[in-house]
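Residue numbers (my numbering), protein chains in the order written: chain C, 1170 to 1284; chain F, 5 to 118. Think of the CB as a built atom: it goes at the ideal place given N, C-alpha and C, for glycine as much as any other residue.
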């Protein structure tokens, strides 16, 4: 069974640009969560999707958005990039709804660098 | 919301036992997780506790006390490969019964020395 796949693995963008990151969960998993990981802030929750609906959202500005497709694949978008957006963006895949999951499976992440 | 505290760094010797503590303050509790993350890699699941008590899984055990807002991860027979960051995460009940947002601590970097 293939694991969680995130693309691209590495990305360099310029301030003011926008970026779209992709996550394909484990086959059969319907819940996808996104996290931002930085050395100073640790792992911060961005949002969670289940059945194409955003179920929960973290404390990030509106520049951060996401969506989930009918095949459970998810994308997140960051518009008007800032230097502080440089981070590792992790996607986690779970079988069911948020409150019922007993573990999450993380992808390798996308390392975004904003210059 | 959630507030999670765990030590920043710990050092232990190969073959020894180490206990990594995690304390949390929560407005709603729906499970506590421990993850291991090696440098440059994705976090991998170690354990899940939702009821009080000890969960044992091989060399790793995790304990939870909901009344004290406290958990620990116990690593026995330490190996060099156990050098990693250990993340404590607490899930709340979310704003509806179909969601559960997880909040992560900043992680404890464990260094295992020969």
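One thing to note: residue 1215 of chain C has its Cβ no nearer than 8 angstroms to the Cβ of residue 1231 of chain C. Segment contact: the stretch 1183-1203 of chain C against the stretch 61-73 of chain F, fewer than three CB-CB distances shorter than 8 angstroms; contact not assigned. Straight through space, the alpha carbons of residue 62 of chain F and residue 1208 of chain C are spaced by roughly 30 angstroms. Residues of chain F with a Cβ closer than 8 angstroms to the Cβ of residue 1276 of chain C are, in chain order, 46. Under the 8 angstroms criterion on CB atoms, residue 108 of chain F is classed as interfacial with respect to chain C. A straight line joining the alpha-carbon of residue 10 of chain F with that of residue 1203 of chain C spans about 22 angstroms. For residue 78 of chain F, there are no C-beta contacts with chain C under 7 angstroms, since the nearest C-beta of that chain is about 19 angstroms from it. Interface residue (Cβ-Cβ distance to chain F less than 8 angstroms): residue 1259 of chain C is classified as such. When rounded, the separation of the alpha-carbon atoms in residue 1249 of chain C and residue 1283 of chain C is 11 angstroms.
Residue pairing by DSSP places residue 41 of chain F opposite F/89 in a beta bridge.
A Cβ of chain F is located within less than 8 angstroms of the beta carbon of residue 1273 of chain C. Separation of the CB atoms of residue 78 of chain F and residue 65 of chain F is rounded to 4 angstroms, and the pair is thereby assigned contact status at 8 angstroms.
DSSP lists no bridge partner for residue 96 of chain F. Under a criterion of Cβ atoms nearer than 8 angstroms, the residues of chain C adjacent to residue 52 of chain F are, in order, 1271 and 1272. Nearest in C-alpha terms to residue 1197 of chain C, of all of C/1185, C/1239 and C/1182, is C/1239. Chain F has no Cβ within less than 8 angstroms of the Cβ of residue 1221 of chain C. Between residue 19 of chain F and residue 1271 of chain C, the alpha-carbon positions lie close to 30 angstroms from each other. For residue 1254 of chain C, the secondary structure class from DSSP, reduced to helix, strand or coil, is helix. By the neighbour-count definition (other C-beta atoms within 10 Å, threshold 16), residue 56 of chain F is an exposed residue.
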